[in-house]
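See below for the structure under consideration.
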DNA sequence: TTTATTTGTTAGGCAAGCCTAACTTGTATA
DNA sequence: TATACAAGTTAGGCTTGCCTAACAAATAAA
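Protein chains in written order, with the numbering used here: chain A, 7 to 241; chain B, 7 to 241.
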């Protein structure tokens with residue numbers, strides 16, 4: 007049985023290795039993600055190595071073992087199922103679900119999670135558009151591009167966000183955006199890539215940074231199928 | 007913000023004082039309930055006193071302050087709402103709900119609990135028949151008698167159990183009993199008060215100890231209204 | 001009322017997770 | 001290649017929540 011803290015370390019490692027597009031992570035990187043000091047991470051790494059959940063040598067890189075990885079995926083699965091539940095059944099807004107799901111993801115009960123999944127009718131994506139691992143730990147590989155990649159005059163549909171910070175999510179809502187909303191790119195400033203977009207008739211200017219955090223599919227794409235060369239490697 | 011452990015101490019105090027029919031508890035008693043050593047309880051009592059959640063002097067009795075009590079009731083409310091949820095929506099059996107609810111009761115989110123309550127349509131009693139405190143912390147006073155109080159030849163309806171141990175609950179199921187089932191008392195042995203009861207046509211012999219742990223209402227009673235002089239003082 | 005037993009307290013210790021401060025190793029840059 | 005900076009490590013310390021062992025107080029029994 008893993009502690010709440012151990013689960014969070016594994017989950018953070020999964021997140022980092024996914025974002026890096028490799029299967030390696032560093033001590034500082036992990037410390038930043040978890041908002042603790044590198045020294046603390048070092049202690050924990052010894053424990054996780056002892057339990058054969060990570061591979062790791064002094065001054066080397068950290069990788070998840072397959073045991074560690076499957077534990078991390080299980081936590082991710084719970085997190086995303088709970089997010090979906092809160093969003094769909096309890097009218098939580100899009101930017102509220104994360105915080106509560108952070109707590110719920112640590113509840114230990116296989117039966118509960120299986121029932122939850124069934125109750126939600128086996129969803130494949132959470133409210134942020136991220137794929138939900140199935141019971142076997144399989145994750146749909148998800149090909150995505152961002153709003154920053156869409157050409158002027160073209161339309162796309164939002165499927166997910168990259169940044170889950172509350173400030174970002176609130177901004178997204180302010181712009182009038184939500185999952186499955188259509189976005190039309192009206193112009194792009196040469197100098198700083200500032201975009202003017204249209205969402206449900208509402209015009210907004212958004213920065214490049216903002217646009218890079220909005221995952222989209224183009225008009226002929228289907229969620230879960232390739233829609234560009236930009237591969238979002240979750241699995 | 008209270009820790010998981012602090013919440014459990016307060017909840018245990020509420021339970022003990024309820025069972026004692028007084029508002030006092032002792033160190034050993036609390037240690038037994040929480041399955042820790044008295045010395046550990048002593049440490050925690052100092053902390054809870056510091057936080058003004060309990061009143062307590064050296065070698066004296068422990069009582070909850072109104073602040074401590076309302077915290078404890080909040081935990082109890084969450085516990086019972088989650089039990090109801092698991093039982094009604096996720097097909098958990100009667101004896102499975104407790105363990106998972108023990109974890110869920112510590113999730114911090116007022117919105118979540120309010121939505122949960124609404125989702126369940128403001129239930130007044132949990133699957134064990136125990137009253138669910140409302141948002142203000144009010145608990146329906148519940149007058150109950152037990153199966154041991156029912157006269158030979160009379161019928162009653164089960165509304166709750168006193169003992170929540172898994173072994174007891176499994177035994178209850180084995181006898182064919184569940185909430186709202188009608189029980190007919192066919193005979194009572196003079197010597198040891200052994201009862202023969204009939205539930206859905208099934209005859210069983212049950213001990214006095216067993217019978218004392220089954221709360222019932224008699225035929226003309228309504229749950230939540232007095233049905234005997236035996237008062238079950240939860241509030 | 002004296003003694004035995006139960007109940008409660010104190011002191012000192014341990015593991016988990018966190019910290020700071022000082023150090024070492026690795027790597028990028030002049 | 002020398003050096004400076006970033007990344008990682010170690011040592012020692014803190015809090016929380018638990019423990020055991022020894023002791024003190026209260027209560028029940030003789």
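Glycine is no exception: its CB is placed at the ideal position from the N, C-alpha and C atoms.
Nothing here was measured: the structure is a model prediction, and the numbers come from that model.
Query                                                                                                                                            : Result
Span of the beta strand (DSSP E) around residue 208 of chain B                                                                                   : 208-212
CB of residue 90 of chain A within 8 Å of CB of residue 132 of chain A, strictly                                                                 : yes
Contacts around residue 95 of chain A, its chain only, beta-carbon distance under 7 Å, and the 5 residues preceding and following it disregarded : none
DSSP-derived helix/strand/coil call for residue 193 of chain A                                                                                   : strand
Chain B residues whose Cβ lies nearer than 8 Å to that of residue 115 of chain A                                                                 : 105, 106 and 109
Beta-carbon gap between residue 79 of chain A and residue 139 of chain A smaller than 8 Å                                                        : yes
Option nearest residue 92 of chain B by Cα separation, candidates A:82, A:129, A:51 and A:121                                                    : A:121
Rounded separation between residue 245 of chain B and residue 71 of chain B - CA only                                                            : Missing from the structure shown is residue 245 of chain B; chain B here goes from 7 to 241 and no further.
Chain A contact for residue 97 of chain B (CB, 8 Å cutoff)                                                                                       : yes
Euclidean distance between Cα positions of residue 43 of chain B and residue 13 of chain A                                                       : 29 Å
Chain B contact residues for residue 125 of chain A, given Cβ-Cβ distances below 9 Å                                                             : 95 and 96
Extent of the continuous alpha helix (DSSP H) run through residue 246 of chain A                                                                 : Examination of residue 246 of chain A is not possible in this model, given that chain A is present from 7 through 241 alone.
Test item: CB-CB of residue 179 of chain B and residue 159 of chain B under 8 Å                                                                  : no
Residue environment, residue 7 of chain A, which counts as buried when at least 16 other CB atoms sit within 10 Å                                : exposed
Residue-chain proximity (residue 141 of chain A, chain B), Cβ-Cβ < 8 Å                                                                           : no
Where residue 151 of chain B sits in the DSSP three-state scheme                                                                                 : strand
Contacting residues, own chain, Cβ-Cβ under 8 Å from residue 167 of chain A (five flanking each side not counted)                                : 134, 135, 174, 175, 178, 219, 220 and 221
Own chain partners of residue 82 of chain B with C-beta closer than 7 Å, once the 5 adjacent residues on each side are dropped                   : 17, 20 and 139
Any C-beta of chain A under 8 Å from that of residue 118 of chain B                                                                              : yes
Beta carbon proximity, residue 84 of chain A to chain B, threshold 8 Å                                                                           : no
7 Å Cβ shell around residue 26 of chain A - same chain, five flanking residues per side excluded                                                 : none
For residue 103 of chain B and residue 28 of chain B, the rounded distance between their alpha carbons                                           : 28 Å
Chain-ordered neighbours of residue 121 of chain B on chain A, where CB pairs are closer than 9 Å                                                : 92, 95, 96, 97 and 98
Nearest-angstrom Cα separation, counted from residue 125 of chain A out to residue 182 of chain A                                                : 30 Å
Cα-Cα separation between residue 77 of chain A and residue 54 of chain A, rounded to whole angstroms                                             : 12 Å
Option nearest residue 171 of chain B by Cα separation, candidates B:205, B:199, B:117 and B:105                                                 : B:105
Unbroken beta strand (DSSP E) run spanning residue 203 of chain A, endpoints                                                                     : 201-205
Best match in B:201, B:101 and B:187 for proximity to residue 193 of chain B [C-alpha to C-alpha]                                                : B:201
Nonlocal neighbours in the same chain, by C-beta distance under 7 Å from residue 88 of chain B, ignoring five residues either side               : 107, 110 and 111
DSSP-derived helix/strand/coil call for residue 61 of chain A                                                                                    : strand
Beta-ladder partner(s) of residue 31 of chain A, from DSSP                                                                                       : A:68
Straight-line gap, residue 118 of chain A to residue 66 of chain A (C-alpha atoms, nearest Å)                                                    : 39 Å
Per-residue burial, residue 41 of chain B [other beta carbons within 10 Å of its own, 16 or more giving buried]                                  : exposed
Cβ-based neighbour list, residue 217 of chain B, same chain, cut-off 7 Å, excluding 5 preceding and 5 following                                  : 152, 153, 154 and 201
Neighbour-count burial assignment, residue 63 of chain B, 16 or more Cβ in a 10 Å radius                                                         : exposed
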